[in-house]
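Numbering (the working numbering), first residue to last: 462 to 1061.
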């Protein structure tokens, strides 16, 4: 096989970026650069620049950036191989093909057999024997148009009459050996009887990126006739066309909607995907009943640098997310990462969407954790209660963390992850030392595992105060629940202090009119400044229309983090004073540790 990466530098040297992009959009030269409308998003004023000397393009509007190879791949939806061949032809570069045994292409009739099977399942769903399957799909809330779009069907049990798929395929004249290769039929071990793989199941066709049927997933209807050896879901067997670790359900539709601002959303099952797609989340995908594979991750990263993986918030969801993180870590680069969204325990995307609606689900996605935050949180959750109570336990925990980080192959990513977890460990030991004595006095326990632990700065503290204030203005009924915590906050801005005092004074009145009251009291400009783009990006739960329960949960998390930061800051100030009075190794080490947590 030819190593196409050997030709990338030649292509970059010989092909002008402006020449290739200029075929798609009109570019105007300005000095050493070209300017035009961005080909990746809709705009009226040009914010897109191309620099041939530096060999890259950049959009100041949407942030699109890359070289000529990345442009062709993204703009024209080509894989790396097709892109290199296309650009090599443009540059007049001859790619020397290494002779190899040609791979045998799958017989075209395989696709025909699978397409025919799909149509047969669709027809069976509409017949009288498909009544139970139709009722199931209606109970799931799938509209008729959604069922048609996903080409859902029904595989009847031949015992109930009406014929079988195996008989129908044979009657149509398809070759028996080829039918077996398609993965929809099974032959007994002795090579005798052939029968339908899918019987009494709702059918979910699985497509390739071109929309051709590759395989099927089937869900059994009801449990009355289900035997112990029957799985709820089964897939087609592996075939020349179908390798389940290389495919994502709904990829053929989702990739059309993925862009810089709309990442892919990976969920667990077929019904979750369909429910989300119907609810407006058109980038939903799912693996095919297996743990996430390297090939599936690369499919996601081909479309977006940071896909969202959505899991249940229970222990099974934590374990599944941890397996996905372990799979992803060795593959991380500056342009390849993940975000993790945890739903409340007992909820899956389908049930959450039905119970709380699209805006609440969007709020959950917006609060997705970064990969390293999720990794840290998961490690904390799986630790036994006594794990960090001894030096041996701490050493084991530290080794576990660094063993994970060492799997990262990219040297820069590994280095920065090591720095990050070192800081987290420092803060964890400090938190334990500072807060654990308070437990003996009956004070509330600090949940170390739930604390997001960014480096502390005054700028981030100001943002936290902004979020705490805005959330209670948007959801004034929460004020009574957090009254004492809110009353104890000290805001850095005098106007925010005044606003806080007015809110406390007004807490016994009609809280639904709180925002109007603040306007009357002269805080109109402050309110406008509070509810800006920064707030929307960092705290959508503080915006109008968000879920109050989610807002309360996030408010309390941020309050806990903010008060902890203030405690650390106070301790640092005291440590600095102690060091001035008595400069010894103990006071110096204490101040050094605190400075790692709160840089000056």
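All C-beta atoms in this analysis are idealised placements derived from N, C-alpha and C, irrespective of residue type, glycine included.
Bear in mind that the values here come from a model prediction, so they are computed numbers and not experimental data.
Next on the checklist: Looking at residue 641: is its Cβ nearer than 8 Å to the Cβ of residue 821?
Outcome noted: Contact flag unset, no.
Checklist entry - Considering only the beta carbon of each residue, do residue 708 and residue 810 sit closer than 8 Å? => result Against a cut-off of 8 Å, the Cβ pair of residue 810 and residue 708 comes out as no contact.
Checklist entry - Taking DSSP as the reference, what is the three-state secondary structure of residue 883? => result Residue 883 falls in the helix class under three-state DSSP.
Checklist entry - How many whole angstroms separate the CB atoms of residue 939 and residue 1009, which I take to be in contact at a CB cut-off of 8 Å? => result Taking 8 Å as the upper bound for CB-CB distance, residue 939 and residue 1009 are in contact here, some 7 Å apart.
Checklist entry - Would DSSP call residue 665 helix, strand or coil? => result Three-state DSSP puts residue 665 in a strand.
Item to check | Straight-line gap, residue 530 to residue 755 (C-alpha atoms, nearest Å) | outcome: Taking the straight line from one Cα to the other gives about 23 Å.
Next on the checklist: In this structure, how does DSSP classify residue 643 when only helix, strand and coil are distinguished?
Outcome noted: Three-state DSSP puts residue 643 in coil, outside helix and strand.
Next on the checklist: If contacts are defined as beta-carbon pairs under 8 Å, then residue 967 and residue 976 qualify, I think. What distance do you get, rounded to the angstrom?
Outcome noted: That pair is no contact at about 11 Å.
Checklist entry - So residue 647 and residue 660 are in contact, right, with Cβ under 8 Å, and what is the actual spacing, rounded? => result Wrong, their Cβ atoms sit about 10 Å apart, outside the cutoff.
Checklist entry - Beta-carbon separation of residue 578 and residue 626 under 8 Å? => result Yes.
Next on the checklist: Judging by CA-CA distance, which residue of 628, 953 and 986 is the nearest neighbour of residue 619?
Outcome noted: When only C-alpha atoms are compared, the closest one is 628.
Checklist entry - Exposed or buried, which one is residue 490 when buried takes at least 16 other CB atoms within 10 Å? => result Exposed: under 16 other Cβ atoms inside 10 Å.
Item to check | Helix, strand or coil at residue 831 [DSSP, three-state] | outcome: In the three-state reduction of the DSSP assignment, residue 831 falls in the strand class.
Checklist entry - Between which two residues does the beta strand (DSSP E) containing residue 496 stretch? => result Per DSSP, residue 496 is one residue of the beta strand (DSSP E) stretching across 494-497.
Checklist entry - Do you know how far the Cα of residue 988 is from the Cα of residue 948? => result CA-CA distance, residue 948 to residue 988, rounds to 19 Å.
Next on the checklist: Classify residue 981: buried if its beta carbon has 16 or more other beta carbons within 10 angstroms, exposed otherwise.
Outcome noted: By the beta-carbon neighbour count (other beta carbons within 10 angstroms, threshold 16), residue 981 is exposed.
Item to check | Pairwise C-alpha distance: residue 589 and residue 544 | outcome: Between residue 544 and residue 589, the C-alpha separation is close to 50 Å.
Checklist entry - From residue 499 to residue 724, what distance separates their C-alpha atoms? => result Looking at the two C-alpha atoms, the distance is approximately 19 Å.
Item to check | Inter-residue spacing [alpha-carbon to alpha-carbon] between residue 670 and residue 880 | outcome: Inter-residue distance for residue 670 and residue 880 is about 40 Å (C-alpha atoms, whole angstroms).
Next on the checklist: Measuring only the C-alpha atoms, how far is residue 606 from residue 524?
Outcome noted: Spanning the two alpha carbons is a distance of roughly 36 Å.
Checklist entry - For the alpha helix (DSSP H) that contains residue 521, what are its first and last residues? => result Boundaries cannot be given for residue 521, as no alpha helix (DSSP H) includes it and DSSP labels it neither H nor E.
Next on the checklist: Assess contact between the stretch 715-722 and the stretch 796-811, defined as three or more Cβ pairs (one per stretch) separated by less than 8 Å. Is contact present?
Outcome noted: Contact between the stretch 715-722 and the stretch 796-811 is absent: fewer than three C-beta pairs spanning the two stretches fall below 8 Å.
Next on the checklist: For a quick check, are the C-beta atoms of residue 865 and residue 836 less than 8 Å apart?
Outcome noted: Yes, the pair counts as a contact, with Cβ atoms nearer than the cut-off.
Checklist entry - From what residue to what residue does the beta strand (DSSP E) around residue 695 run? => result According to the DSSP assignment, residue 695 belongs to the beta strand (DSSP E) that extends over 694-696.
Checklist entry - Looking only at DSSP bridge pairs, what is residue 1005 linked to? => result Partner(s): none; residue 1005 has no beta bridge.
Next on the checklist: Based on DSSP bridge pairs, tell me the residues matched to residue 544.
Outcome noted: Within the DSSP bridge table, the entry for residue 544 names no partner.
Checklist entry - Any idea if residue 906 is buried or exposed, counting beta-carbon neighbours within 10 angstroms, 16 or more meaning buried? => result Its pLDDT being 35, under 50, residue 906 is placed unreliably by the model, and the measurement read from it follows with that caveat. By the Cβ-count criterion, residue 906 is exposed, with fewer than 16 other Cβ atoms from all chains shown falling within 10 Å of its own Cβ.
Next on the checklist: Given the structure, does residue 516 come close to the ligand COA, in the sense that its CB is under 7 Å from one of the ligand's heavy atoms?
Outcome noted: Only the bare structure without any ligand can be found here, which leaves the ligand COA out of the picture.
Next on the checklist: Tell me the rounded alpha-carbon separation between residue 486 and residue 554.
Outcome noted: Within the model, the alpha-carbon separation for residue 486 versus residue 554 is close to 25 Å.
Checklist entry - Under the rule that 16 or more other beta-carbon atoms within 10 Å means buried, what is residue 505, buried or exposed? => result With a threshold of 16 other beta carbon atoms within 10 Å, residue 505 falls short and is exposed.
Next on the checklist: For residue 746, list the residues DSSP reports as bridge partners.
Outcome noted: Under DSSP, the beta-bridge partners assigned to residue 746 are 727.
Checklist entry - Under the three-state reduction of DSSP, which class applies to residue 671: helix, strand or coil? => result DSSP, reduced to helix, strand and coil, places residue 671 outside both helices and strands of the structure shown, so it counts as coil.
Next on the checklist: Quick check: what's the CA-CA separation for residue 636 versus residue 571?
Outcome noted: Spanning the two alpha carbons is a distance of roughly 10 Å.
Next on the checklist: Taking the alpha helix (DSSP H) that residue 777 belongs to, which residues open and close that run?
Outcome noted: Annotation for residue 777: the continuous alpha helix (DSSP H) segment containing it runs 776-789.
Checklist entry - Taking all protein chains shown into account, do 16 or more other C-beta atoms lie within 10 angstroms of the C-beta of residue 701, making it buried, or fewer, making it exposed? => result Its Cβ having fewer than 16 others within 10 Å, residue 701 is exposed.
Next on the checklist: Do residue 644 and residue 662 count as a contact pair if the criterion is CB distance below 8 Å?
Outcome noted: No; because the gap between Cβ atoms is not below 8 Å, this pair is not in contact.
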